[in-house]
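S.K.: Here it is, the structure in full.
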Amino acid sequence: MAKGVQPGQAVAFAEIGSQVRRRRPRPGTKRPGSVRMWQPLGTGLLQLTDRLDEETADHLIRVGLYTERLARQLGFGAAKVRRLRVAASFHDLGKVDVPLSILQKPGPLTAAELDVVKRHAPIGRRLLDELGGATLDRETLRVAAVVAITHHERFGGGGYPYGLCGEAIPVEGRIVAVADVFDALSSRRAYKPGFDFETSLAILAAGRETQFDPRVLDAFLAVAPRAYETIRGRRLSRGCVGGSREQG
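Listed below in structure tokens is the structure:
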């Protein structure tokens, strides 16, 4: 498990899992959307982390922790910081409907496979919208749904699923986009080893205005060294540099 995980996050994961389990369709009944989307959930987000490899599961936690530090740097109040940290940890919930053969493919994705991956944003929002009566407060669920659907939008346009740009992208999505991409760049994936800290930060900075909100990016650059050392539990050092594919 990623270092620095908060007890509240583990409780939140269990609560979401319990609610999803109660809301699964009974045998022989149908509901809007794909039944197979619900079947892999099992015990909810806890099953999601079991279904994914350890590195990807830890990615969910680390993105929440980076988001927490970034939101604090941007001047968010304590309650909003906590809410956004939990919401960010659900940003990839929709990947339960993406086959592991795609998520763990050790090479570039085809156009068709990339289209499948892109489905995770609306699927994640739909799953969170369905949890309107969960034991997490409604505002946290609302923020989590916003994050799920907008964290792949690009500040300069051209992102997905809506192609939003600038401040039309909710600030929560703009924040998690930076945290998500940084952790993806600096982490090992099936198709690449992790980039070292300096390379990851340089790639992130190159996305100013085209991919990332400059104000959010600058705030992250300010907290990144301390956050990286704390969350990763290691001193900054040069690592291996790998290939590229869409991050997040």
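Counting from 1265, one number per residue, gives the positions in the sequence shown under the numbering used here. Don't be surprised by glycine CBs; every beta carbon is placed ideally from N, CA and C.
Using only CA atoms, which one of P1425, R1452, E1417, L1449 lies nearest to V1435?
M.R.: Checked all of P1425, R1452, E1417, L1449; the closest Cα to V1435 is E1417.
S.K.: Measuring CA to CA, which of G1371, R1390, L1392, L1364 is closest to V1380?
M.R.: Nearest C-alpha to V1380: L1364.
S.K.: So, are the CB atoms of A1412 and H1323 less than 8 Å apart?
M.R.: In this structure, H1323 does not lie closer than 8 Å to A1412 by Cβ.
S.K.: For I1495 and R1326, what's the separation of their Cα atoms in angstroms?
M.R.: Approximately 7 Å, taken between the alpha carbons.
S.K.: By DSSP, does F1484 sit in helix, in strand, or in coil?
M.R.: F1484: helix per DSSP, three-state reduction.
S.K.: Which one or two residues does DSSP pair with K1456 in a beta bridge?
M.R.: According to DSSP, which records beta bridges pairwise, K1456 is partnered with R1453.
S.K.: Around the Cβ of D1401, are there at least 16 other Cβ atoms within 10 angstroms (buried) or fewer (exposed)?
M.R.: Answer is exposed; the Cβ neighbour count stays below 16.
S.K.: Which two residues bound the contiguous alpha helix (DSSP H) that contains R1226?
M.R.: Past the boundaries of the shown model lies residue 1226; the chain is included only from 1265 to 1512, so the question cannot be answered.
S.K.: Go ahead and pull the three-state DSSP assignment for D1393.
M.R.: D1393 falls in the helix class under three-state DSSP.
S.K.: Do the CB positions of F1446 and L1428 come within less than 8 Å of each other?
M.R.: Cβ distance not < 8 Å, so F1446 and L1428 don't count as in contact.
S.K.: Just to confirm, are L1338 and V1440 a CB contact at a threshold of 8 Å?
M.R.: Taking 8 Å as the Cβ cut-off, L1338 and V1440 do not qualify as a contacting pair.
S.K.: Which one of L1465, D1482, S1450, E1473 has the shortest CA to CA distance from I1433?
M.R.: I1433 has its Cα closest to that of E1473, out of L1465, D1482, S1450, E1473.
S.K.: Does G1358 come out as helix, strand or coil in the three-state DSSP assignment?
M.R.: Of the three classes helix, strand and coil, the one that applies to G1358 here is helix, per DSSP.
S.K.: Here's the rule: buried if 16 or more other CB atoms are within 10 angstroms of the residue's CB, otherwise exposed. What is E1493?
M.R.: E1493 is exposed by the Cβ-count criterion.
S.K.: Is the CB-CB distance between A1335 and V1345 below 8 Å?
M.R.: It is a contact, given that the beta carbons lie within the stated cut-off.
S.K.: On a Cα-Cα basis, can you pick out the residue from G1471, G1437, R1438, I1387 that is closest to L1449?
M.R.: Comparing Cα positions, the closest option is G1471.
S.K.: Distance, Cα to Cα, E1462 vs L1378?
M.R.: Roughly 28 Å separates the two Cα atoms.
S.K.: Give a yes or no on whether the C-beta atoms belonging to A1408 and Y1330 are separated by under 8 Å.
M.R.: It is not a contact, given that the beta carbons lie outside the stated cut-off.
S.K.: Taking C-alpha atoms, which residue in H1384, G1371, D1477 lies nearest to A1454?
M.R.: The option with the nearest alpha carbon to A1454 is G1371.
S.K.: Q1368 by DSSP, collapsed to three states: which one?
M.R.: In this structure, Q1368 counts as coil in the three-state DSSP scheme.
S.K.: Put F1446 into one of helix, strand or coil per three-state DSSP.
M.R.: Note: F1446 maps to helix in three-state DSSP.
S.K.: Could you give the residue range of the alpha helix (DSSP H) that holds R1406?
M.R.: Note, R1406: alpha helix (DSSP H), 1402 to 1414.
S.K.: Looking only at its chain, what residues have a beta carbon closer than 7 Å to the beta carbon of R1389, apart from the 5 residues adjacent to it on each side?
M.R.: So the qualifying residues of the chain are A1409, A1412, I1413.
S.K.: Are the Cβ atoms of E1332 and R1347 separated by less than 8 Å?
M.R.: Cβ atoms of E1332 and R1347: not closer than 8 Å.
S.K.: Can you tell me whether L1373 is helix, strand or coil according to DSSP?
M.R.: DSSP places L1373 in coil when its eight states are reduced to three.
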